[in-house]
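Participant: Submitted below is the structure of interest, expressed as structure tokens.
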Amino acid sequence: MEIERKFLVKKMPEDLETYPCLLIEQAYLCTDPVVRIRRQDNSYYMTYKGKGMMVREEYNLPLNEKAYLHLKAKADGHIIAKKRYRIPLGTLTAELDIFSVPKELTLVEVEFSTEDEALSFCPPDWFGEDVTSDSRYHNSNMI
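Going by UniProt numbering, the first residue of the sequence shown is number 1, and it counts up by one from there.
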């Protein structure tokens, strides 16, 4: 189960380059339900995501590079690329995504253990509008 809230970014956090950064490429095999493959640095995954906005089913399966490349060819160009910075927020982590493909966009996500924790979250000042319930900001809808 994935419980997350998603926000636009009002201003970039200070010292962004000091935080861990991942290079991510995602290709979508299907968007209803969402079935995607991901290359995250040198790791590969296939993910199934169920319906929902803040709370939804999510299952990850490991892939190897050969399987990733084979499946990527079947994505018909439905690919996104982004840099992900992992920024500590106390006991939580903000995942700041800077997209380069298919368009330039910056979003920040925070994952939670419970719905109550998600609903009581008070975002820091650098977060912008909460777009958790806006399906236009699901990665699968950006392709």
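For each residue, glycine too, the CB sits at the ideal point set by N, CA and C.
Is HIS70 near the ligand ADP, going by C-beta to nearest heavy atom under 6 Å?
Facilitator: Here there are no bound small molecules, and the ligand ADP is not part of this structure.
Participant: Just to confirm, is the Cβ distance from LEU23 to GLY128 under 7 Å?
Facilitator: No, Cβ-Cβ distance for LEU23 and GLY128 is not below 7 Å.
Participant: Just grab the DSSP bridge partners of TYR45 for me.
Facilitator: DSSP lists ARG38, PRO62 as partners of TYR45.
Participant: Taking the DSSP output, what are the residues bridged to GLU111?
Facilitator: Answer is GLU4.
Participant: Leaving out five residues before and five after ILE79 in sequence, what residues of the same chain have Cβ atoms less than 6 Å from its Cβ?
Facilitator: Closer than 6 Å at Cβ, skipping near neighbours: ALA27.
Participant: In terms of residues, what are the limits of the beta strand (DSSP E) holding TYR137?
Facilitator: Per DSSP, TYR137 belongs to no beta strand (DSSP E) and is neither H nor E.
Participant: Considering TYR28, what are the terminal residues of the beta strand (DSSP E) in which it resides?
Facilitator: Residues 21-31.
Participant: Per DSSP, what kind of secondary structure is GLU17 in: helix, strand or coil?
Facilitator: Three-state result, GLU17: helix.
Participant: Just to confirm my understanding: we take TYR45, look at its own chain, exclude 5 residues before and 5 after, and list those with CB closer than 8 Å. What are they?
Facilitator: Closer than 8 Å at Cβ, skipping near neighbours: ILE37, ARG38, ASN60, LEU61, PRO62, LEU63.
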